[in-house]
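Asks: Below you'll find the structure I mean.
There are 2 protein chains.
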Amino acid sequence: MTLAPPSRRFEYVTDGLEIYRRSFATIREETDLSGLPADLHGVATRVVHAAGDVGVVEDLAAHPDVVRDARTALLSGAPILTDSQMLASGVTRRRLPADNEVVCTLREPEVPGLALAWGTTRAAAAVSLWADRLEGAVVAVGNAPTALFHLLELLLDGGPRPAAVVGMPVGFIGSAESKVALAEHELPGGGQVPWVVVHGRRGGSAMAAAALNAIADEDELA
Amino acid sequence: MTLAPPSRRFEYVTDGLEIYRRSFATIREETDLSGLPADLHGVATRVVHAAGDVGVVEDLAAHPDVVRDARTALLSGAPILTDSQMLASGVTRRRLPADNEVVCTLREPEVPGLALAWGTTRAAAAVSLWADRLEGAVVAVGNAPTALFHLLELLLDGGPRPAAVVGMPVGFIGSAESKVALAEHELPGGGQVPWVVVHGRRGGSAMAAAALNAIADEDELA
Chain R
491 MTLAPPSRRF
501 EYVTDGLEIY
511 RRSFATIREE
521 TDLSGLPADL
531 HGVATRVVHA
541 AGDVGVVEDL
551 AAHPDVVRDA
561 RTALLSGAPI
571 LTDSQMLASG
581 VTRRRLPADN
591 EVVCTLREPE
601 VPGLALAWGT
611 TRAAAAVSLW
621 ADRLEGAVVA
631 VGNAPTALFH
641 LLELLLDGGP
651 RPAAVVGMPV
661 GFIGSAESKV
671 ALAEHELPGG
681 GQVPWVVVHG
691 RRGGSAMAAA
701 ALNAIADEDE
711 LA
Chain U
491 MTLAPPSRRF
501 EYVTDGLEIY
511 RRSFATIREE
521 TDLSGLPADL
531 HGVATRVVHA
541 AGDVGVVEDL
551 AAHPDVVRDA
561 RTALLSGAPI
571 LTDSQMLASG
581 VTRRRLPADN
591 EVVCTLREPE
601 VPGLALAWGT
611 TRAAAAVSLW
621 ADRLEGAVVA
631 VGNAPTALFH
641 LLELLLDGGP
651 RPAAVVGMPV
661 GFIGSAESKV
671 ALAEHELPGG
681 GQVPWVVVHG
691 RRGGSAMAAA
701 ALNAIADEDE
711 LA
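Here the protein sequences line up with chains R and U, keeping their order. Quick note on this note's numbering: the first sequence kicks off at 491 and runs consecutively. Quick note on this note's numbering: the second sequence kicks off at 491 and runs consecutively.
Spelled out as structure tokens, the structure:
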């Protein structure tokens, strides 16, 4: 079968790179990034792009080392650990500097049993299955507040430390609270795992993936 | 290795079903769905849930037959066609009534060549690869406005007609315009393919998947 394109009937930009360029230009015109550190501007721009809403910049907050530490970890081959398959799907593989593994353990067969035994959600139980991969990894939570709480509990128990946490669960129950807990956590012995959050109810796999994609490659149009 | 749960250190709801129940109750408290037809309330609730933002209800608009026609199509085994892998990942398979196929053609090998030859985006070219599967299908666009414009051009050329279109591309360039075009289209010979949109810049794979998940199964907590 020979495919033919349909008749062009609408006026729209059809060059993918040009769409990105104009999108990011519009975002820069409409947002004030001056309150954010320079190395977070790429994350802010991409998160706004994913949200279709410049207002999310007001809720973006981060530890000062998060972009540097997450990028360094990815360059040295660290895996990305996510709480949802959708978020894993949203990571643009060609932007990853070391063909980094992207891992979501939510569908592993032991998850339902652990969740039941521990009296928690599957998303939270799945975090425990990150196990040895957690040390030095880049973590991204874009769906379940319980996954973020569970991760913090592991950290506060003295468990393996990831290089950075993208904390952007979405929703009405526990989401805002889990992001405050991440922003305020203190590790045993002091200090924090560097983090970036969108405070409040907003968040989601698309925003979390956008943050990862910005961290993974400084080049906006790569 | 025997896994143990971490020490519970935060107060949060850990029952997945209870989280859904409270989330949907909060959404119903905070939104006014009275302006929407009854069979769209499930879609509205889930789209708000995915967005973490009750404000999206104001931008939700739909053809009166969209939920009925999309549900009927899925019951009879119609495939779901999506513009992004992330959206395909977001469809909850256990909610689908006929083990429906979920198809994203974006990564098929002919896509880059077609996009180049036709002077359009890969997302738009990928829509043409839906080909024979488009007739009677449930289409969901959650990322690329160009995919939605391309689909409309196929329809206006007299191409195969899907049963319904979830039109929720996100972004700053073309997104709002593509959704207006969907809401206002008129097929050759008259009438429309039933549609549901979130007008404006907002949208995205998560909202589009949420709309599909609500359409696929009337049971809110399934």
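Yeah, the Cβ is synthetic: ideal placement off N, Cα and C, and Gly gets one too. Keep in mind it's a predicted model, so treat the numbers as computed, not measured.
Leaving out the 5 sequence neighbours to the left and right, which residues in its chain are closer than 6 Å to Ala700 (chain R) when beta-carbon positions are compared?
Replies: Within the first sequence, the letter at position 210 stands for residue 700 (chain R). These residues qualify, in order along the chain: Arg536, Val537, Ala540.
Asks: Could you check what DSSP says for Ala654 (chain U) in three-state terms: helix, strand or coil?
Replies: Within the second sequence, the letter at position 164 stands for residue 654 (chain U). Correct three-state label for Ala654 (chain U): strand.
Asks: Over the uninterrupted alpha helix (DSSP H) stretch that includes Ala551 (chain R), give me the two end residues.
Replies: Reading the first sequence from its first residue, position 61 is the one you call residue 551 (chain R). No alpha helix (DSSP H) holds Ala551 (chain R); the beta strand (DSSP E) holding it covers 550-552.
Asks: Who pairs with Leu571 (chain R) in a beta bridge, going by DSSP?
Replies: As a position in the first sequence, residue 571 (chain R) is number 81, starting the count at 1. Beta-bridge pairing links Leu571 (chain R) to R:Val593, R:Val629.
Asks: Would a C-beta distance cut-off of 8 Å place Ala637 (chain U) and Ala614 (chain U) closer than the cut-off?
Replies: If you number the second sequence from 1, residue 637 (chain U) lands on position 147. If you number the second sequence from 1, residue 614 (chain U) lands on position 124. In this structure, Ala614 (chain U) lies closer than 8 Å to Ala637 (chain U) by Cβ.
Asks: Relative to the C-alpha of Ala630 (chain R), which candidate in R:Arg584, R:Val683, R:Glu674, R:Ile663 has its C-alpha closest?
Replies: Translated into the one-based positions of the first sequence, residue 630 (chain R) becomes position 140. Comparing Cα-Cα distances from Ala630 (chain R) to each of R:Arg584, R:Val683, R:Glu674, R:Ile663, the minimum goes to R:Val683.
Asks: Could you list the residues in the segment 580-601 of chain R with a C-beta less than 9 Å from some C-beta on chain U, going in chain order?
Replies: For the segment 580-601 of chain R, the beta-carbon criterion of a distance under 9 Å to any beta-carbon of chain U is satisfied by Gly580, Glu600.
Asks: For the segment 517-549 of chain U, enumerate the residues whose C-beta is nearer than 8 Å to any C-beta of chain R, in chain order.
Replies: From the segment 517-549 of chain U, only Ile517, His539, Ala540, Ala541, Gly542, Asp543 have a Cβ closer than 8 Å to chain R.
Asks: Output needed in chain order: residues of the segment 647-676 of chain R with a Cβ under 8 Å from some Cβ in chain U.
Replies: Asp647, Gly649, Val660, Gly661, Phe662, Ile663, Gly664, Ser665, Glu667, Ser668, Ala671
Asks: Under 8 Å Cβ to Cβ from Ser574 (chain U), same chain only, skipping five residues before and after it: list those, please.
Replies: For the purposes of this step, residue 574 (chain U) is taken as residue 84 along the second sequence, with counting starting at 1. For Ser574 (chain U), where only same-chain residues beyond five positions count, the Cβ hits under 8 Å are Cys594, Leu596, Ala613, Gly632, Asn633, Ala634, Ser695.
Asks: Should Gln682 (chain R) be flagged as near chain U, meaning a C-beta pair shorter than 8 Å?
Replies: Taking the first residue of the first sequence as 1, we reach residue 682 (chain R) at position 192. No, no contact with chain U.
Asks: Do Ser497 (chain U) and Asp647 (chain R) have their beta-carbon atoms positioned less than 8 Å apart in this structure?
Replies: The residue labelled residue 647 (chain R) in the question sits at position 157 within the first sequence. The residue labelled residue 497 (chain U) in the question sits at position 7 within the second sequence. Yes; because the gap between Cβ atoms is below 8 Å, this pair is in contact.
Asks: Can you tell me whether Val683 (chain U) is helix, strand or coil according to DSSP?
Replies: Position 193 of the second sequence holds residue 683 (chain U). Residue state, collapsed to three classes: coil.
Asks: Taking Ala627 (chain U) and Ala568 (chain U) to be in contact with their CB atoms under 8 Å, please state how far apart those CB atoms are, rounded to whole angstroms.
Replies: As a working note, residue 627 (chain U) is residue 137 in the second sequence. As a working note, residue 568 (chain U) is residue 78 in the second sequence. Between Ala627 (chain U) and Ala568 (chain U) the beta-carbon gap is near 5 Å, inside 8 Å, which marks them as a contact.
Asks: Quick check on Val660 (chain R): does DSSP put it in helix, strand or coil?
Replies: Position 170 of the first sequence, counted from the first residue, corresponds to residue 660 (chain R). Correct three-state label for Val660 (chain R): coil.
Asks: What number of angstroms, rounded off, separates the C-alpha of Glu676 (chain R) from the C-alpha of Leu642 (chain U)?
Replies: As a first step, residue 676 (chain R) is located in the first sequence; it is residue number 186 there, counting from the start. As a first step, residue 642 (chain U) is located in the second sequence; it is residue number 152 there, counting from the start. If I take the Cα positions, the gap works out to 53 Å.
Asks: Can you confirm whether Ile509 (chain R), when its beta carbon is compared against all beta carbons of chain U, has any partner nearer than 8 Å?
Replies: Translated into positions along the first sequence, residue 509 (chain R) becomes position 19. Yes, Ile509 (chain R) counts as interfacial toward chain U.
Asks: Is it buried or exposed, Arg583 (chain U), if we count other Cβ atoms within 10 angstroms and call 16 or more buried?
Replies: As a first step, residue 583 (chain U) must be located in the second sequence, where it is residue number 93. Burial call: exposed.
Asks: Under 8 Å between C-beta atoms, does Glu708 (chain R) make it to chain U?
Replies: Stepping through the first sequence from its first residue, residue 708 (chain R) is reached at position 218. For Glu708 (chain R), the answer is no, since every Cβ of chain U falls outside 8 Å of its Cβ.
Asks: If Leu564 (chain R) sits next to Ala588 (chain R), beta carbons under 8 Å apart, how far is it from one beta carbon to the other, in whole angstroms?
Replies: In the first sequence, residue 564 (chain R) corresponds to position 74, counting from 1. In the first sequence, residue 588 (chain R) corresponds to position 98, counting from 1. About 6 Å; that satisfies the 8 Å criterion.
Asks: Going straight from the alpha carbon of Leu645 (chain U) to that of Arg651 (chain U), what length do you get?
Replies: Taking the second sequence and counting its residues from 1, one reaches residue 645 (chain U) at position 155. Taking the second sequence and counting its residues from 1, one reaches residue 651 (chain U) at position 161. Near 7 Å, if we compare the C-alpha coordinates of Arg651 (chain U) and Leu645 (chain U).
Asks: Whose C-beta lies closer than 6 Å to the C-beta of Val660 (chain R) among residues of the same chain, with five residues either side of it excluded?
Replies: The residue given as residue 660 (chain R) occupies position 170 in the first sequence. The answer, listed in chain order, is Gly693, Gly694.
Asks: Counting only C-beta atoms, is Leu604 (chain R) closer than 8 Å to chain U at any point?
Replies: Locating residue 604 (chain R) in the first sequence gives position 114, counting from the first residue. Taking Cβ atoms only, chain U reaches closer than 8 Å to Leu604 (chain R), which makes this a yes.
Asks: Could you tell me whether any Cβ in chain R is nearer than 8 Å to the Cβ of Ser566 (chain U)?
Replies: The residue labelled residue 566 (chain U) in the question sits at position 76 within the second sequence. Not an interface residue.
Asks: Between the beta-carbon of Thr562 (chain U) and the beta-carbon of Thr611 (chain R), is there less than 8 Å?
Replies: Numbered from its first residue, the second sequence carries residue 562 (chain U) at position 72. Numbered from its first residue, the first sequence carries residue 611 (chain R) at position 121. No, Cβ-Cβ distance for Thr562 (chain U) and Thr611 (chain R) is not below 8 Å.
Asks: Compare the C-beta of Glu625 (chain R) against all C-beta atoms of chain U and say whether one is closer than 8 Å.
Replies: For the purposes of this step, residue 625 (chain R) is taken as the residue at position 135 of the first sequence. False, the Cβ-Cβ gap to chain U never drops below 8 Å.
Asks: Are any of the Cβ atoms in chain R nearer than 8 Å to that of Ala696 (chain U)?
Replies: Position 206 of the second sequence, counted from the first residue, corresponds to residue 696 (chain U). It does; some Cβ of chain R falls within 8 Å.
Asks: Give a yes or no on whether 8 Å exceeds the smallest Cβ distance from Val629 (chain R) to chain U.
Replies: Here residue 629 (chain R) refers to the residue found at position 139 of the first sequence. No, Val629 (chain R) lies away from the interface with chain U (no Cβ there is under 8 Å from its Cβ).
Asks: Output yes or no for whether 8 Å exceeds the beta carbon distance between Val687 (chain U) and Gly649 (chain U).
Replies: On the second sequence, position 197 is the one that residue 687 (chain U) refers to. On the second sequence, position 159 is the one that residue 649 (chain U) refers to. Taking C-beta atoms as the reference points, Val687 (chain U) and Gly649 (chain U) fail to come closer than 8 Å.
Asks: Can you tell me whether DSSP reads Val546 (chain U) as helix, strand or coil?
Replies: Against the second sequence, residue 546 (chain U) aligns to sequence position 56. Three-state DSSP puts Val546 (chain U) in a helix.
Asks: Which of the three DSSP states, helix, strand or coil, is assigned to Val581 (chain U)?
Replies: Numbered from 1 along the second sequence, position 91 holds the residue referred to as residue 581 (chain U). Coil.
Asks: Quick one: is Leu644 (chain U) near chain R, going by C-beta distance under 8 Å?
Replies: Translated into the one-based positions of the second sequence, residue 644 (chain U) becomes position 154. Chain R contact via Cβ: present.
Asks: Taking C-beta pairs closer than 9 Å, name the residues in chain R that Gly693 (chain U) reaches, listed in chain order.
Replies: Locating residue 693 (chain U) in the second sequence gives position 203, counting from the first residue. Within 9 Å of the CB of Gly693 (chain U), the CB atoms of chain R belong to Gly542, in sequence order along the chain.
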